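In what follows, a structure is listed as structure tokens, so that the remarks can point back to it.
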Amino acid sequence: MESIMRNDTKTAVVQMEANVLAELLTEVKETIASNINLNELVSKKHRYGIVDLWNMRRNTRTANNRRRNF
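Heads up, the sequence shown is in my numbering, so the first residue is 1242 and it goes up one at a time.
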């Protein structure tokens, strides 16, 4: 019996010149975000409270009940 799904894999080898390869490996374009204040981000960090945990558990129960009754 022949397998329905076949896994034919081929190695991907790309031929390129050495100078093109060197250019691809050395060219880096980055943008530095200098207008961000890290202290503001740390102070605005959301902390989970008991209400958040209760809501997550309730939402999980609701999703499970919907899945079971579908």
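Where is the CB? At the ideal position from N, CA and C, for every residue including glycine.
These numbers come from a predicted model, not from an experiment.
Residue i - DSSP class collapsed to helix/strand/coil
i: Ala1304; result: helix
i: Asn1278; result: coil
i: Val1255; result: coil
i: Ile1291; result: helix
i: Asn1296; result: helix
i: Arg1309; result: helix
Residue i, enclosing alpha helix (DSSP H) - first and last residue
i: Val1261; result: Ala1259 to Thr1267
Chain C within 9 Å of residue i, Cβ atoms only
i: Asn1296; result: Absent here is chain C; the protein component of the structure consists of one chain.
Burial state of residue i (16 or more Cβ within 10 Å)
i: Asn1306; result: exposed
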